[in-house]
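Step one of this worksheet: look at the structure below.
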Amino acid sequence: MRNDTRRMVFLALLVAMATALHVAEGMLLVPLPIPGVKLGLANIITLLTLHLFGFKDGFTVALMRVVLGTLVSGMFLSPGFMLALTGAVSSTLIMALLLKYTRCFSMVGVSLAGAAGHNIGQLLAACLLLQSSSVMYYLPVLLMAGIPAGLITGLLLNSLLEHNIKSGILNDFKRT
Amino acid sequence: MTRADKILLAGLLLVSLLSVAAAGSRFFLLSGKSEPLQAVIMSQGKQVRRINLSAGGRSSFAVQGRSGYSTVEIEGGRIRMLNAPCSGQICVKQGWIEHSGQTIVCIPEEMLIRIEGAAPVDAVTR
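Protein sequences appear in the order of chains C and W.
Heads up: the first sequence at position 97 corresponds to 97 in our numbering, and the numbers run straight through without jumps.
For our numbering, add 176 to where a residue sits in the second sequence, where the first one is 1.
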């Protein structure tokens, strides 16, 4: 019982952090003249949750983050929300599969694959939404932009987990 | 970073560079000659207008989008979104398009402007 509450509190904290990152990122100006390019900072939290708690909780945190984040920024149920949702779902799926079935990737590899999955899922959704396949011409641009974004989030997570090995701060929550 | 990470990174870089090259060369091939071009305007999944761009001349008209009317302007074989009620204004900032295969997309308004026209080649194998 105690562990259940502890887990719930920690998951709630993760959702709050992911939402804050999602919203803060929306306020940042991207120094590129390309729409739709972003760092994907909220992805750090999704990947951390997947790592600590597994697929189900990682999925929950990602979905809650999209719903809360779009509610805060006033985009809830808009076409932009649909894109954020499909992007989050596809990237979480890919990252969960990689975490579960492969051992050879560090967080950088998983996060890179997640970024690519996010972009592909999002563009497929845009194709459906606009009923046109010409949106797919945008894929190269997004894939290119996804590489540094995935690298940055992956490296951040790597250093976080490295720090955790030394300090053991996260292990307390993992024991549920 | 593990070795698998680096392989994945290199693979992704390669794929994105190749896709940039593929898309770029396709645009290059398609925009080689000035064939009769048509602009197709879609709104919320339906085609609302099809205009011959090669005719030249200048005109503008309103198109109903998701939340209001957007103005599309045509001038000298080019087309652009003159104004739109969307928040991002990405479609407006994109400016003029004039080659076959180019598109202007407005996600908030669910609108799409696409230029169609005969390609200067019969087919492209990829």
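Just so you know, even glycine gets a beta-carbon here, dropped at the ideal spot from N, CA and C.
Using a Cβ-Cβ cut-off of 8 Å, state whether residue i counts as contacting chain C.
| i | result |
| --- | --- |
| W:R312 | Outside the shown range of chain W (177 to 302) lies residue 312 of chain W, about which nothing can therefore be said. |
| W:R311 | Residue 311 of chain W is absent from the structure shown; chain W starts at 177 and stops at 302. |
| W:S246 | no |
| W:V236 | Checking the displayed sequence, the identity of residue 236 of chain W turns out to be Ser instead of Val. No, no contact with chain C. |
| W:S195 | yes |
| W:L288 | yes |
| W:L229 | no |
| W:L185 | yes |
| W:G208 | Caution applies to W:G208, whose pLDDT of 49 falls short of 50 and renders its modelled position unreliable; the model cannot decide the point. |
State the DSSP-derived secondary structure class of residue i, mapped to helix, strand or coil.
| i | result |
| --- | --- |
| W:E286 | coil |
| W:R256 | strand |
| C:M64 | helix |
| W:T178 | coil |
| W:I273 | strand |
| C:I165 | helix |
| C:S78 | coil |
| C:K56 | helix |
| C:R7 | helix |
| C:R103 | coil |
| C:Q131 | coil |
| W:S230 | coil |
| W:C267 | helix |
| C:V23 | helix |
Is there a C-beta anywhere in chain W that falls below 8 Å from the one on residue i?
| i | result |
| --- | --- |
| C:A16 | no |
| C:C127 | no |
Name the DSSP beta bridge partners of residue i, please?
| i | result |
| --- | --- |
| C:M144 | DSSP, once it has assigned bridges, lists no residue as partnering C:M144. |
| W:I217 | W:R225, W:I289 |
| W:A238 | W:T247 |
| W:I280 | W:I289 |
Using a C-beta to C-beta distance shorter than 8 Å, which residues of chain C count as neighbours of residue i?
| i | result |
| --- | --- |
| W:T239 | Note that residue 239 of chain W is Val in the sequence shown here, rather than Thr. Residues of chain C passing the Cβ test: none, with the nearest at roughly 14 Å. |
| W:M218 | L130, Q131, S132 |
| W:L189 | I147 |
Could you list which residues in chain C have their beta carbon closer than 7 Å to that of residue i, in chain order?
| i | result |
| --- | --- |
| W:G221 | Q131 |
| W:S192 | P140, L143, M144, I147 |
| W:A199 | Y137, P140 |
Whose Cβ in chain W lies nearer than 7 Å to the Cβ of residue i?
| i | result |
| --- | --- |
| C:V108 | M177, D181 |
List, in order along the chain, the chain W residues whose C-beta lies closer than 8 Å to that of residue i?
| i | result |
| --- | --- |
| C:G80 | I283, P284 |
What in chain W is Cβ-close to residue i, meaning under 9 Å?
| i | result |
| --- | --- |
| C:F105 | T178, A180, D181, L184 |
request  = Report the residues of the stretch 263-285 of chain W with a CB closer than 8 Å to any CB of chain C, ordered along the chain.
outcome  = G264, I266, G277, T279, V281, I283, P284
query = Relative to chain W, which residues along the stretch 109-125 of chain C have a C-beta separation below 7 Å, given in chain order?
reply = G109, L112, A113, A116
task = Check distances from the C-beta atoms of the stretch 46-62 of chain C to those of chain W and list, in chain order, the residues that come in under 8 Å.
result = none
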